[in-house]
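Chains as they are written, first to last, in UniProt numbering: chain A, 1 to 550; chain B, 1 to 267.
Here's the structure, in structure tokens; my notes come after.
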């Protein structure tokens, strides 16, 4: 699509530039004898109301229309990009002042300003287009400023500063490269707008009456609508084609420049970082016979378009038991947990195997039934407590709403239950936390809130994905204590996904160790941590840094 | 005392939110020093100000009061030009190897950045890659082709590029897997033995800090509550609680630690 629109644009520009070659007639040569006449040799589009050659007026008019848009664009770029760069990179008073000015200009109605400046500065197209450039500069300023301010906070810019690079060099090497694509897209969009605005002015008769432009041609054709409606066709077509091609080009550019997914990805690890012990044949992790009543996974495989990431995983969680699922990043432990919850990303799917939760087979279960299961039997505690709370709502409303839907409680009942839950998770001032917004509470508090939410439907099975990884150690110790108490008091089965062997030692009854999508070892926590059978488990344990008690 | 880096009564604050809001005190008088070839670990919880200490030394946050002396020179208010020269001696490794490398520049390009305009930059890049145990052809690849541990090696190589005397390591291994952590820490120690560089090593993880540091300073709410040797006995109850809160991979020992932590009564 973008090739076609680019081609159309290119042809239009070329034709307009070659106007003297294509059309031997001048745009202003009128012969009233030919007024409103149809096509004639040498005049393929015929004549207008003043007997001027339409093709010539179209081509020369294009020079003025497109040239005017170009001027407006250049002015806008020259003002908007440098000011946006400075404001975004340095911030401070310049940013504040520029922001104020930009808001002011954006609040002005463009048409009114253009009308006023025509009255003051005269009626030349070019002057009006410079004014228009001033009016659209803010859109570039805002775009550039926003992106630069974002890049400014990136660590690699800090690293470049520490490396001793000058600001000019950092902007050139690290910042401009990021704003390039959005600017190109914005140019295509704004060019269309500039052409439209300019044609609009001319159509209203507010341009310079004597120079041919597409807008002026439309105006003239409109006056003679009754007599020769075909006059509307040519300038209308030129305007429509140009703006349409610009919009399509912008959309096409956005797709190519801003979607990294469309680029071919070469994922070739340079060297294996970890020592690779000989792969032991995947031990049958749980016999095919006895399956746990609460959660039982057999021969599970999870596949993405790029390939299978979880192979033949089997595990069991009994009621009242905590199973630790241990592994490094990329081992497939989270994928396994997600398939149990039925929340795999869109492109992933369970390609093989069986998962039963509380006697229900989950693989192939319709989404609606799965959702019911998630709200009642299974609950989930995520890794990042903060990003799992909506910053726009109070903690309380985020606890109350699901309970009203899931448990069909009345408002007052649900509020009372939410407060009970908050004290259940050892929050000392439940009322205050209930009324707080997520940004007003700490990460540890947020995780307690999520645990309270998970407990609200009185689940039998809890799936916790690295529940304490984002927390400080002291908070982690408290949250682990809380999880242990809740699990004991309610006889919960827990599947705890973690990379931290200390957390395993603290909380888990049994452990399954995952590596590259397979379970390499299962056993009691004591056995796996103290007498590991698999070389990979041994390697993990060796990597733990010592922390002797004092 | 011939310390390489001396920080005295360092105070940093950030502007408060809103009109005429009081400033938020981040550092409330920090004193520390790092000798040549030594590693000083800075440990603390989130919000303790540990990262700000490193950023202040690097000149990435404005210093409110106090002094930072590096190699005998006061640098807390060094002008930008001087800062750029200091880059030769003072380098950094950031926490997140995913955002600390420009995704659109090749590894070789990133490594050559501090060497711009120097003769033999290309050969130097090859030496650097070798030193951090990456293959030579890594120079022509983009960061996204590398794993977290490999990216952190690139970041280490960048810090080493012009032979600094002090590297601020800001949580350099906390985004890495356990096994990768150990190899990166081993690499840092190996480089220190070869080059005699000093580290200011910032981390929330006491085990990591104890593994690499000669001395440890424990931060809390912008103050140093205790300074101790790497194998030293923590005396301050806060340090003890940090130590006991970190779980260890030993069922019986962890149970004892858990009970000890719960019996500690401090808030």
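Ideal Cβ placement from N, Cα and C applies to all residues, glycine included.
Taking 8 Å as the threshold (beta carbon to beta carbon), is residue 328 of chain A in contact with chain B?
yes
Using only CA atoms, which one of B/72, B/218 and B/247 lies nearest to residue 233 of chain B?
For residue 233 of chain B, the closest of B/72, B/218 and B/247 by C-alpha to C-alpha distance is B/218.
Starting from residue 304 of chain A, follow the beta strand (DSSP E) in both directions and report where the run begins and ends.
295-304
Quick one: list the residues of chain B neighbouring residue 557 of chain A, beta-carbon separation under 8 Å, in chain order.
The structure shown has nothing for residue 557 of chain A, since chain A only spans 1 to 550.
So, for residue 84 of chain A: in the same chain, excluding its five sequence neighbours on each side, which residues have a beta-carbon less than 6 Å away from its beta-carbon?
141, 144 and 145
From the beta carbon of residue 230 of chain B, is the nearest beta carbon of chain A less than 8 Å away?
no
Provide the residue(s) that pair with residue 147 of chain A in DSSP beta bridges, ordered along the chain.
Its beta-bridge partners do not exist; DSSP assigns none.
Does the distance from the C-beta atom of residue 248 of chain A to that of residue 456 of chain A stay below 8 Å?
No; because the gap between Cβ atoms is not below 8 Å, this pair is not in contact.
Leaving out five residues on either side along the sequence, give the residues of the same chain with a beta carbon under 6 Å from the beta carbon of residue 214 of chain A.
61, 65, 199, 235, 238 and 239
Helix or strand or just coil, what does DSSP make of residue 473 of chain A?
DSSP places residue 473 of chain A within a helical segment (H, G or I) once states are collapsed to three.
Let's see if you can read the secondary structure: which residues bound the beta strand (DSSP E) around residue 464 of chain A?
461-465
What are the partner residues of residue 378 of chain A, as DSSP defines its beta bridges?
DSSP output for residue 378 of chain A lists A/461 as bridge partner(s).
Using a Cβ-Cβ cutoff of less than 8 Å, which residues in the same chain neighbour residue 555 of chain A once the five nearest sequence positions on both sides are dropped?
The structure shown does not extend to residue 555 of chain A, since chain A spans only 1 to 550, so no value can be given for it.
What number of angstroms, rounded off, separates the C-alpha of residue 424 of chain A from the C-alpha of residue 414 of chain A?
Cα-Cα distance, rounded: 15 Å.
Spell out whether any CB of chain A is found under 8 Å from the CB atom of residue 7 of chain B.
no
If you check the beta carbons only, do residue 504 of chain A and residue 324 of chain A fall under 8 Å apart?
yes
I'd like to know whether the C-beta of residue 474 of chain A is nearer than 8 Å to at least one C-beta of chain B.
yes
Residue range of the beta strand (DSSP E) that residue 340 of chain A falls in?
That residue, residue 340 of chain A, is in no beta strand (DSSP E); its alpha helix (DSSP H) goes 333-341.
Determine contact between the stretch 26-46 of chain B and the stretch 104-116 of chain B, defined as no fewer than three beta-carbon pairs at a distance below 8 Å.
no
Under 8 Å, Cβ to Cβ, is there at least one residue of chain A near residue 247 of chain B?
yes
Just checking my contact of residue 162 of chain A with residue 200 of chain B at CB under 8 Å: how many whole Å lie between their CB atoms?
13 Å between Cβ atoms; not a contact.
Examine the Cβ distances between the stretch 483-498 of chain A and the stretch 516-528 of chain A and report whether three or more of them are shorter than 8 Å.
no
Which chain B residues are close to residue 174 of chain A, counting only those with a beta carbon under 7 Å from its beta carbon?
102
Candidates A/169, A/152, A/251 and A/150: which alpha carbon is nearest residue 185 of chain A's?
A/251
If residue 136 of chain B and residue 126 of chain B are in contact, beta carbons under 8 Å, what's the gap, nearest whole angstrom?
6 Å
In chain order, what residues of the stretch 489-502 of chain A put their CB closer than 8 Å to some CB of chain D?
This model lacks chain D altogether, as its protein chains are A and B.
From the DSSP output, in three-state form, read off residue 564 of chain A for me.
One cannot answer for residue 564 of chain A here, as it falls past the ends of chain A, which runs 1 to 550.
Using a Cβ-Cβ cut-off of 6 Å (strictly less than) and excluding sequence neighbours within five positions of residue 247 of chain B, which residues of its own chain qualify?
Within the same chain, and ignoring the five residues on either side of residue 247 of chain B in sequence, the residues whose Cβ sits closer than 6 Å to its Cβ are 254.
Give the single residue among A/193, A/441 and A/32 whose Cα lies nearest to the Cα of residue 136 of chain A.
A/193
Does residue 70 of chain B get closer than 8 Å to chain A when you measure Cβ to Cβ?
no
Which two residues bound the contiguous alpha helix (DSSP H) that contains residue 228 of chain B?
Careful: residue 228 of chain B lies outside any alpha helix (DSSP H), inside the beta strand (DSSP E) at 223-229.
Which residue or residues does DSSP assign as beta-bridge partners of residue 354 of chain A?
A/298
For residue 512 of chain A, which of helix, strand or coil comes out of DSSP?
Correct three-state label for residue 512 of chain A: strand.
Using 8 Å for Cβ pairs, my map puts residue 54 of chain B next to residue 170 of chain B. What's the rounded Cβ distance?
Right, their Cβ atoms sit about 5 Å apart.
Just verifying my parser: in three-state terms, what is the DSSP assignment at residue 95 of chain B?
coil
Alpha carbon to alpha carbon, what distance is there between residue 404 of chain A and residue 243 of chain A?
51 Å
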